[in-house]
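**Q** Input: one structure, supplied below.
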Amino acid sequence: MRILKNLQNFLYDQDYFIDIFNDCLHVYYYIDLLNLSDKSIELKLKEFILIISGQDLVVSKMDKHEILIKGIINNMEFKR
Amino acid sequence: MKHYLLVRIKTSKKTNLLLKLNKLNVDIKNIIYEPNYLKFQILSSDLKKIKKYLVSFEVEIIDETGIYKLKEELKKNNLIITGIIFAVIIFLILSNIIVKINIIHEDSHLRELISSSLAEAGVTRLSFKKSYDEYEKIIANIKEEYKDKIEWLEIDVEGMVINIRVEERIINEYDKSSNTCHIVAGKSGIIKSITTKRGVAEVSINDYVSKGDILINGNIKLNDEVKTSICASGTVYAEVWYQVNATIPLTEEKVKDTGKMRYNFLIKKGSVETVILKSRVGEEKRVENKFLFSFFGFEVYLQKEYEVEIEKITYNEEEATKKGIALIHEKLELKLDNFESIIEEKVLQKELKNNNIYIDMFLAVREQIGIKEYFDDSRSDTSDEDDNEYTNRIN
């Protein structure tokens, strides 16, 4: 498992990642989850606060550094 | 390996719960939102954390995941699984055990010899079966040991039964002193060709000979006096005649496979046969049985059921006659060698009766008629027919 972690570190050698695909938003290396509702989610990243607004937003997977949000995303705001 | 549990927590404020879980640094995946419930997978180590800090929530473990689920299932069904494994082992052991050894030969002495040789090689009743190569070695050893008694030996494994087929070696020891013979006519006919290897030819081409006439003489004469006697040899071809008849039905049923085949099982006890499954092909079928194993006198066969259709063919008189002639040819030609042939043929009588056609035929055939007839001092009348080398002993 350590090999996998090392490989992950090598490939994701960035402070954070934000991926959007098929009504999904994947955020890698978020610092904190500030707010969570089915219309808005606020995530604290290294340089800004990411505010995602939409409809029927649900968290599908979540751990210390990673979060996968599903739903209809209407707007994304970067608050510095 | 990470041990994940599928849990369900009762809550109406799902987002609040998720925020709390996030604050507790709990890894959660496969989150499913259900009315009044939040269902997700967590690490088993995180469960203690949840129970400790989220006391007001009711956590319910629904299932294990991955290898742990498999383990749990195995634990639940251990009795069935153990039973199946045990049954498979028993089946494998039983199917590899010899329950019966059949030595197929009428001579009990030879049977005993082979039986003792097999026992020495470890092939006994209630012993384990051996591989094909080992059986081949055993066969070679037995043949080597009894090379004057055994001509051919075969070990045939049929399920739990071993059939040993033996052919006894028969050594003919002829008395050389009486090895004098003539070549005589085995049938009446007109000589068409004669080849003498040893002896004196007594007949010429186009001579008519009757059955038993000397064709090649084994007595070498000089001035009507027998100087020496030898065993005559040679081949004599003559035109011989046959009158044959055949009956051909005007209607014939031909069985044809439709291509549909289904498997079934057959249990046989003595002459009683019981088919296990209901036949899945039509009424018209042909079956092939393959022996699987024998168990307490019950023989189990794998049965292949082939669906067939019966085609009714009607011949007219001419077609039936042609078929009859072809049938007569076929049967006669089976008896003839490469140098023998049908010279002439004629249909003597043809009659239609009871939906059958009767054919009476005359055939002239070029055939080898010379057979050996042994003699001592005076000629004997006894003879025997064989294909080429004719060995008949007369005392």
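Just so you know, the protein sequences line up as chains A and B, in that order. Residue 62 in numbering that gives the first Met the number 0 sits at position 63 of the first sequence; the count goes up by one each step and never skips. Residue 68 in numbering that gives the first Met the number 0 sits at position 69 of the second sequence; the count goes up by one each step and never skips. All C-beta atoms in this analysis are idealised placements derived from N, C-alpha and C, irrespective of residue type, glycine included. As the structure is a computational prediction, the values presented were derived from the model and not from experiment.
Using the three-state DSSP reduction, which class does PHE290 of chain B fall into: helix, strand or coil?
**A** Looking up residue 290 of chain B in the second sequence gives position 291. It is a strand residue.
**Q** For TYR67 of chain B, report the span of its alpha helix (DSSP H) as first-last.
**A** Residue numbering aside, residue 67 of chain B sits at position 68 when the second sequence is read from its first letter. Here the alpha helix (DSSP H) through TYR67 of chain B covers 65-75.
**Q** Going by CA-CA distance only, name the one from B:LEU91, B:VAL235, B:TYR52 and B:GLU150 that's closest to GLN367 of chain B.
**A** For this step, residue 367 of chain B is matched to residue 368 along the second sequence. With distances taken between CA atoms, GLN367 of chain B lies nearest to B:VAL235 out of B:LEU91, B:VAL235, B:TYR52 and B:GLU150.
**Q** At a Cβ threshold of 8 Å, is VAL26 of chain A touching chain B?
**A** Taking the first sequence and counting its residues from 1, the one referred to as residue 26 of chain A is at position 27. No, because no Cβ of chain B sits closer than 8 Å to the Cβ of VAL26 of chain A.
**Q** Spell out the partners DSSP gives PHE338 of chain B in its beta bridges.
**A** To locate residue 338 of chain B, count along the second sequence from 1; it is residue 339. None; PHE338 of chain B has no bridge partner.
**Q** For ASN218 of chain B and SER209 of chain B, I'd like the C-alpha separation in whole angstroms.
**A** Residue numbering aside, residue 218 of chain B sits at position 219 when the second sequence is read from its first letter. Residue numbering aside, residue 209 of chain B sits at position 210 when the second sequence is read from its first letter. Taken atom to atom, the span from the alpha-carbon of ASN218 of chain B to that of SER209 of chain B is near 20 Å.
**Q** Can you check the stretch 253-335 of chain B for any beta strand (DSSP E) of at least 3 residues that lies completely inside it and give the ranges in chain order?
**A** 271-274, 284-294 and 297-313
**Q** Alpha carbons only, please: which of B:ILE49, B:ILE163 and B:LEU351 is nearest the one belonging to GLU317 of chain B?
**A** On the second sequence, position 318 is the one that residue 317 of chain B refers to. Nearest C-alpha to GLU317 of chain B: B:LEU351.
**Q** Rounded to whole angstroms, what's the CA-CA distance from VAL58 of chain B to LYS1 of chain B? Just pull it up for me.
**A** Your numbering for residue 58 of chain B matches position 59 in the second sequence. Your numbering for residue 1 of chain B matches position 2 in the second sequence. Their backbone Cα atoms lie some 20 Å apart in a straight line.
**Q** In angstroms, rounded to a whole number, what distance separates the CA positions of SER272 of chain B and ILE266 of chain B?
**A** Working through the second sequence from its first residue, we reach residue 272 of chain B at position 273. Working through the second sequence from its first residue, we reach residue 266 of chain B at position 267. Position check: residue 272 of chain B holds Glu in this sequence, whereas Ser was assumed. Approximately 6 Å, taken between the alpha carbons.
**Q** Going by C-alpha distance, which of B:LYS303, B:PHE39 and B:LEU78 is nearest ILE61 of chain B?
**A** Position 62 of the second sequence, counted from the start, is the residue given in the question as residue 61 of chain B. Among B:LYS303, B:PHE39 and B:LEU78, the Cα nearest to that of ILE61 of chain B belongs to B:PHE39.
**Q** Among the residues of its own chain, which have a CB less than 8 Å from the CB of LYS9 of chain B, if the five just before and after it don't count?
**A** Residue numbering aside, residue 9 of chain B sits at position 10 when the second sequence is read from its first letter. Cβ within range, chain order: ASN35, TYR36, PHE56, GLU57 and GLU59.
**Q** Less than 8 Å between CB atoms is the rule here; does LYS43 of chain A satisfy it with respect to chain B?
**A** For this step, residue 43 of chain A is matched to residue 44 along the first sequence. False, the Cβ-Cβ gap to chain B never drops below 8 Å.
**Q** Nearest CA to the CA of TYR27 of chain A: which residue from A:LYS38, A:GLY53, A:VAL57 and A:LEU49?
**A** Translated into the one-based positions of the first sequence, residue 27 of chain A becomes position 28. Selected option, being the one with the closest Cα: A:LEU49.
**Q** Could you list which residues in chain A have their beta carbon closer than 7 Å to that of LEU18 of chain B, in chain order?
**A** For the purposes of this step, residue 18 of chain B is identified with residue 19 of the second sequence, where counting begins at 1. In chain order: LEU32 and LEU35.
**Q** Which residues, taken in chain order from the stretch 131-149 of chain B, show a beta carbon closer than 7 Å to some beta carbon of chain A?
**A** From the stretch 131-149 of chain B, no residue has a Cβ closer than 7 Å to chain A.
**Q** Residues in the same chain with beta-carbon distance under 6 Å from PHE297 of chain B, minus the five sequence neighbours each way, listed in chain order, please.
**A** For the purposes of this step, residue 297 of chain B is taken as residue 298 along the second sequence, with counting starting at 1. These residues qualify, in order along the chain: ILE266 and LYS268.
**Q** Output, in chain order, the set of chain B residues within a Cβ distance shorter than 8 Å of SER84 of chain A.
**A** Not covered by the structure: residue 84 of chain A. The range shown for chain A is 0 to 79.
**Q** From MET61 of chain A to GLN302 of chain B, what does the alpha carbon distance come to, in whole angstroms?
**A** Within the first sequence, numbered from 1, the residue matching residue 61 of chain A stands at position 62. Within the second sequence, numbered from 1, the residue matching residue 302 of chain B stands at position 303. Spanning the two alpha carbons is a distance of roughly 59 Å.
**Q** Please identify the residue among A:ILE40, A:LYS4, A:PHE9 and A:LEU3 whose C-alpha is closest to the C-alpha of ASN74 of chain A.
**A** In the first sequence, the residue the question calls residue 74 of chain A occupies position 75. Minimum Cα distance to ASN74 of chain A is reached at A:ILE40.
**Q** Any beta-carbon of chain E closer than 8 Å to the one on ASN95 of chain B?
**A** Any reference to chain E falls outside this structure, whose protein chains are A and B.
**Q** Ordered along the chain, which non-local residues of its own chain (more than five positions away) have a Cβ less than 7 Å from that of LEU109 of chain B?
**A** As a working note, residue 109 of chain B is residue 110 in the second sequence. So the list reads LYS148, VAL165 and GLU167, once near-sequence residues are dropped.
**Q** Could you check where the beta strand (DSSP E) with LYS50 of chain B kicks off and where it finishes?
**A** Here residue 50 of chain B refers to the residue found at position 51 of the second sequence. Taken as a continuous stretch (DSSP letters only), LYS50 of chain B belongs to no beta strand (DSSP E), being part of the alpha helix (DSSP H) at 43-52.
**Q** What's the call for ARG365 of chain B, buried or exposed, on a 16-neighbour Cβ count within 10 Å?
**A** To locate residue 365 of chain B, count along the second sequence from 1; it is residue 366. With 16 or more other Cβ atoms within 10 Å, it is buried.
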